[in-house]
Amino acid sequence: MNFSQIGWLLTQWYQSHSRDLPWRASKDPYRIWISEVMLQQTRVETVIPYYARWMAAFPDLESLSKAGEQEVLQLWEGLGYYSRARNLVKAACVLMAEYQGKFPDTVRELKKLPGVGEYMAGALASIAYGRDEIALDGNGLRVIARLVEYSAPINTQISKQEIGGIMRQMLTPGSAGDFNQAIMDLGSLICTPKNPLCANCPLHSKCRAFLQGKPEAYPIKARKTPIPHYVVVAAVIRVGNKVLIDKRKADGLLGGLWEFPGGKVEAGEDLPGALKREILEELGVSLIVEDEIGHYKHAYTHYRVTVHVFTGRIPQGEPRALEADEIRWVEISELEGFPMGKVDRLISRALA
DNA sequence: AAAACGTGGGC
DNA sequence: TGCCCAAGTTT
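Counting in the working numbering, the first sequence runs from 7 upward without gaps.
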């Protein structure tokens, strides 16, 4: 297969079919960086309003480097994968302190920044700096897997190297940025996971999967492990107009976000019993469990939960942050100002 | 190297 | 409803 010709066809196609997206208006590496981080595992339509708010709040590297974690998480709330937001601030600080406020322009240096991996480094080097580097994402994997009928699972290190090797042969020297964005736009608009629009594809006469009549059979993915389901309890502890929330530790799930205290129900426990145990472990006080005021189902990436929410009161003693970063008593009306994950935000809004 | 890491939309 | 999927990175 003539990969060089295919790359040229893609880049040509992009000239007349590229999407008009806010972050494509300039070559400012900062603007491209923010968009690329937001777009990780996230749809374009979801990102657009977040991107606008972000740029209004943090228009450049310097403003971001001075931002507080809470302020950044608040803007990020709802986008998920919150380590992305924390890493943005870290990287901005590194760039201001060690790179004179300028992005490096090589893949090698870019990859040293927190939150910048293989894909992002290639994207920045090619799109912002015109370097001849590939940026291989999920779209590229799918497009190329179909093109060559790649028969092994694509979610392995080896496959990414092999497909990256093919992509490198396709790359159009001098316009790698357009080439990389072309393959992403093709994957997003034409070569979609379900119901690809092969009739409109500039590559269909060369695509092995299409010629075999089964584009949807590719890419092949290894079967995932089953997703567990947990029952979780949470406490709304009110004193007067205030309610107790805690800030989750910076690492791990929903790191740095606030929540209503609680945790997983263990085997053999009833709901109130589990909640009393969790509050004792987390806050060092006993809890009188009152009424169930709601329940929520939610799916994280690798497990599902049903969260049962109870009101409760602390008969004696002062709660302490034994497992959280911090605890705080806040007015119901102030809850919106504390970044939270989806379930806790639903709970906080139900209280208002 | 496999698992962790969010959320919303489509079917 | 439940599962798949979306411009990946980190440990």
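Note that beta-carbon positions come from the ideal geometry of N, C-alpha and C, so glycine has one too. Keep in mind that this is a model prediction, so the values were computed, not measured.
| Check | Outcome |
| --- | --- |
| Distance CB(Ile233)-CB(Arg310) smaller than 8 Å | yes |
| Secondary structure of Arg334, DSSP reduced to three states | strand |
| Distance between beta carbons of Gly268 and Leu281, contact taken as under 8 Å | 6 Å |
| Tyr88 to Thr317 span [Cα, whole Å] | 28 Å |
| Residues that DSSP places opposite Gly268 in a beta bridge | Ala240 |
| Every unbroken beta strand (DSSP E) within the stretch 280 to 326, with a cutoff of 3 residues, ordered by chain | 294 to 305 and 310 to 319 |
| Ile160 burial status per 10 Å Cβ neighbour count (16 or more: buried) | buried |
| Spatial distance of Leu250 from Gln187 (CA atoms) | 47 Å |
| Beta-carbon proximity check, Ile285 vs Val291, cutoff 8 Å | yes |
| Three CB pairs or more closer than 8 Å across the stretch 171 to 183 and the stretch 117 to 136 | yes |
| Coil, strand or helix - Met346 by DSSP | strand |
| Residue from Cys99, Gly74 and Leu328 with nearest C-alpha to Leu119 | Cys99 |
| Beta-carbon spacing of Arg137, Ala215 below 8 Å | no |
| 8 Å Cβ shell around Arg367 - same chain, five flanking residues per side excluded | The chain is shown from 7 up to 358; residue 367 falls before or after that span and cannot be answered. |
| DSSP bridge partner residues for Ile251 (one or two, in chain order) | Arg334 |
| Inter-residue Cα distance where the pair is Pro65 and Arg283 | 46 Å |
| Same chain, Cβ closer than 6 Å to Ala127, neighbours up to 5 away in sequence not counted | Val113, Leu116 and Lys117 |
| Outcome for Ala330 when other beta-carbon atoms lying within 10 angstroms are tallied against a minimum of 16 | buried |
| At least three beta-carbon pairs within less than 8 Å, the stretch 47 to 55 to the stretch 197 to 209 | no |
| Terminal residues of the alpha helix (DSSP H) in which Asp26 lies | Taken as a continuous stretch (DSSP letters only), Asp26 belongs to no alpha helix (DSSP H), as it is neither H nor E. |
| Residues of its chain near Pro321, where Cβ-Cβ distance is below 8 Å and the 5 sequence neighbours each way are ignored | Ser292 and Ile294 |
| Residue burial classification, Asp297 (beta-carbon count within 10 angstroms, cutoff 16) | exposed |
| Run of the alpha helix (DSSP H) containing Thr198, from where it starts to where it stops | Segment: none, Thr198 is in no alpha helix (DSSP H) and carries neither H nor E. |
| Contact belief for Leu79 with Ala91 at Cβ below 8 Å, rounded distance in angstroms | 6 Å |
| Range of the contiguous alpha helix (DSSP H) that encloses Cys99 | Ser89 to Glu104 |
| DSSP state of Val122 mapped onto helix, strand, coil | coil |
| Glu75 and Val43 closer than 8 Å at C-beta | no |
| Cβ-Cβ separation, Phe9 to Gln175 (assumed contact under 8 Å), whole Å | 4 Å |
| Runs of alpha helix (DSSP H) wholly within the stretch 135 to 182 (minimum 4 residues, chain order) | 144 to 153 and 163 to 176 |
| Integer Cβ distance of His23 from Asp143, believed to fall under 8 Å | Not confirmed; about 18 Å, so no contact. |
| Test item: CB-CB of Gly193 and Val149 under 8 Å | yes |
| CA nearest to the CA of Asn247, picked from Trp335, Gly279 and Lys200 | Trp335 |
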